[in-house]
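For reference, the structure discussed in these notes is given below.
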Amino acid sequence: MKRSFLYLLFLTTVFFSCENKDDTVFEESADVRLNAALASYEKQLVEAPYGWNAVIYPGGGGSYGFYFKFDDKNRVTMYSDFSDAAAAKSKESSYRLKAMQTPSLIFDTYSYLHVLADPDNEVNGGTLGEGLKSDFEFSIYGDSLSEDRMAFVGRKNQSRLVLTKATQAQATAYTNGDLAKAVLFNNISKYIPYFKRVTLGANTYEITVNQNTRTIKMTWLNGNVPKTFTTSYYFNPTGVAFVSPLVNGSQTITGFTNITWNANSTQVGFSGGGASGVVVSAIKPLSVDLAAARRWWQAPVESGGDWRSSMGFHVNGVDDAFKVNDLKDDQGRPYWFYMYSPAFNPQYDAFAPIFNDEDGIYLDNGHAPAKPTFTADGRAVFTQLGTFGVIPAGGAVDKSGDLLFDPAGFYLIQTSDETYDMVSAKDAKSWITWE
Numbered sequence: 049m050k051r052s053f054l055y056l057l058f059l060t061t062v063f064f065s066c067e068n069k070d071d072t073v074f075e076e077s078a079d080v081r082l083n084a085a086l087a088s089y090e091k092q093l094v095e096a097p098y099g100w101n102a103v104i105y106p107g108g109g110g111s112y113g114f115y116f117k118f119d120d121k122n123r124v125t126m127y128s129d130f131s132d133a134a135a136a137k138s139k140e141s142s143y144r145l146k147a148m149q150t151p152s153l154i155f156d157t158y159s160y161l162h163v164l165a166d167p168d169n170e171v172n173g174g175t176l177g178e179g180l181k182s183d184f185e186f187s188i189y190g191d192s193l194s195e196d197r198m199a200f201v202g203r204k205n206q207s208r209l210v211l212t213k214a215t216q217a218q219a220t221a222y223t224n225g226d227l228a229k230a231v232l233f234n235n236i237s238k239y240i241p242y243f244k245r246v247t248l249g250a251n252t253y254e255i256t257v258n259q260n261t262r263t264i265k266m267t268w269l270n271g272n273v274p275k276t277f278t279t280s281y282y283f284n285p286t287g288v289a290f291v292s293p294l295v296n297g298s299q300t301i302t303g304f305t306n307i308t309w310n311a312n313s314t315q316v317g318f319s320g321g322g323a324s325g326v327v328v329s330a331i332k333p334l335s336v337d338l339a340a341a342r343r344w345w346q347a348p349v350e351s352g353g354d355w356r357s358s359m360g361f362h363v364n365g366v367d368d369a370f371k372v373n374d375l376k377d378d379q380g381r382p383y384w385f386y387m388y389s390p391a392f393n394p395q396y397d398a399f400a401p402i403f404n405d406e407d408g409i410y411l412d413n414g415h416a417p418a419k420p421t422f423t424a425d426g427r428a429v430f431t432q433l434g435t436f437g438v439i440p441a442g443g444a445v446d447k448s449g450d451l452l453f454d455p456a457g458f459y460l461i462q463t464s465d466e467t468y469d470m471v472s473a474k475d476a477k478s479w480i481t482w483e
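Residue numbering for the sequence shown follows our numbering, beginning at 49 and increasing consecutively.
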């Protein structure tokens with residue numbers, strides 16, 4: 049005890065001595081140093097003579113390309129690849145640097161950047177109340193900065209924002225509308241058949257683009273063995289930039305350039321991997337995933353869930369071809385989503401619209417398919433056992449059932465860990481996306 053007391057007394061003496069030393073670690077106060085840091089960051093943003101290329105990676109996934117030009121009056125001019133209009137026309141808004149828990153860059157009036165974070169899902173196709181889980185307030189970390197690069201982290205959703213200094217040629221390309229030309233790649237969604245292929249040099253790829261998640265999936269054959277590659281992408285003035293490169297033997301594809309769009313033939317062309325090609329349609333997969341259909345059906349059985357689609361069937365180039373979003377049930381409740389529930393009952397599945405109001409969710413009418421037949425060539429074929437309620441003839445539910453029970457069946461294309469596209473095996477001109 050005595051030894052401990054003496055040791056404690058010694059520590060107290062040391063601490064007291066430290067507290068009363070006149071010397072300080074820093075010559076300036078924390079506020080002075082913080083203000084100096086903010087001024088330095090602003091100087092770096094403003095004095096980039098040709099502005100900044102930018103990529104934001106929202107917390108909800110995906111990647112989006114931007115261009116920023118900051119001035120010393122707290123104004124920023126930007127372009128965005130989110131839409132045709134945002135790529136073609138600049139928008140000015142305000143910004144400021146502020147000392148919060150860390151030095152922060154804040155875009156404080158509504159801008160193209162805010163579109164990604166807008167909680168209205170009709171604005172950006174994200175989740176109601178959350179948007180794409182992006183940010184417009186970003187923390188700055190000193191160790192993430194260099195002369196030509198600045199990196200930030202979103203304060204709410206931890207989005208990553210990476211800025212790299214633009215060249216004079218890049219700045220000119222933005223103002224000349226080259227970003228809008230690159231976004232012409234989005235016209236790939238106008239192909240009527242689901243399956244699309246492009247030949248680049250000696251290699252033929254099946255290309256699947258998910259514009260909602262900003263991902264590109266490339267499938268090819270190495271002999272008879274299918275290979276797949278998936279990456280996030282964004283646009284810049286030269287075309288489509290891959291977040292990760294595709295390496296296929298001697299061919300490396302970092303993105304697509306020289307984007308062209310022929311409206312008369314409904315064809316997108318581009319260059320990639322040292323070659324050029326035109327995207328053409330196909331009516332079946334380049335390589336059929338023979339286990340996908342059964343895997344799609346089994347997953348909800350094991351998890352106790354179901355598959356949902358907000359839009360119903362896409363047919364002959366038309367989203368929500370049967371207008372399921374206009375449905376109401378017999379009590380006037382609004383449509384919520386279309387459901388496929390495997391093993392809804394031990395004897396049958398369920399394929400039906402689901403309605404909701406403040407009191408709950410409801411199944412009013414729909415189809416009761418038998419468990420699908422899984423064919424040796426990878427298709428799921430559906431047959432009807434019965435119905436739920438009375439289905440109005442010629443209406444959206446009736447038409448959806450007619451398509452589901454087409455005897456040609458469907459290919460199931462897994463587009464992510466939790467999403468599938470179910471594509472008509474008859475002509476690939478109809479499909480539904482399940483989440």
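Even for Gly, the Cβ is constructed at its ideal location relative to N, Cα and C.
Quick caveat: nothing in here was measured; it's all calculated off a predicted structure.
Item                                                                                                                    : Value
CA-to-CA distance, Ala456 to Val438, given in whole angstroms                                                           : 26 Å
Cβ neighbours of Gly380 in the same chain (closer than 6 Å, five flanking residues each side left out)                  : none
Collapsed DSSP secondary structure at Gly43 in the structure displayed                                                  : The structure shown has nothing for residue 43, since the chain only spans 49 to 483.
3-residue-minimum beta strand (DSSP E) runs that sit fully inside the segment 179-215, ordered along the chain          : 185-193, 197-202 and 208-213
Residues of its chain near Lys419, where Cβ-Cβ distance is below 7 Å and the 5 sequence neighbours each way are ignored : Asp397
Secondary structure of Pro167, DSSP reduced to three states                                                             : coil
Within the segment 411-464, ranges of the beta strand (DSSP E) (whole runs, at least 3 residues)                        : 414-417, 427-429, 432-436 and 458-464
7 Å CB neighbourhood of Asn258 in its chain, flanking five on each side removed                                         : Thr463
CB of Tyr386 within 7 Å of CB of Gly360, strictly                                                                       : yes
Own chain partners of Gly173 with C-beta closer than 6 Å, once the 5 adjacent residues on each side are dropped         : Asn260
Beta-carbon gap between Leu86 and Leu180 smaller than 7 Å                                                               : no
Beta-bridge pairing of Pro382 - partner residues as DSSP gives them                                                     : Lys376
Top-ranked residue by Cα proximity to Phe184, from Met198, Arg197, Leu161 and Ser194                                    : Leu161
DSSP-derived helix/strand/coil call for Val327                                                                          : coil
Nonlocal neighbours in the same chain, by C-beta distance under 7 Å from Tyr127, ignoring five residues either side     : Phe114, Tyr115, Ala134, Ala135, Ser138, Tyr222 and Leu227
Cβ distance (whole Å) where Val124 is taken to contact Ser141 below 8 Å                                                 : 6 Å
Those residues which DSSP pairs with Gln299 across a bridge                                                             : Asn296
Test item: CB-CB of Leu334 and Glu254 under 7 Å                                                                         : yes
Closest Cα partner of Pro294 within the set Trp309, Asn310 and Thr276                                                   : Checking the sequence shown, residue 294 turns out to be Leu, not Pro. Residue Thr276 is the option with its Cα nearest to Leu294.
Endpoints, the beta strand (DSSP E) within which Val336 is located                                                      : From DSSP, Val336 is part of no beta strand (DSSP E); its letter is neither H nor E.
Straight-line gap, Ala424 to Ile461 (C-alpha atoms, nearest Å)                                                          : 16 Å
Alpha-carbon to alpha-carbon, Glu195 and Lys202                                                                         : As written in the sequence, residue 202 is Gly, which differs from the Lys given in the question. Cα to Cα, the separation comes out at about 21 Å.
Nearest-angstrom Cα separation, counted from Thr421 out to Ser207                                                       : 43 Å
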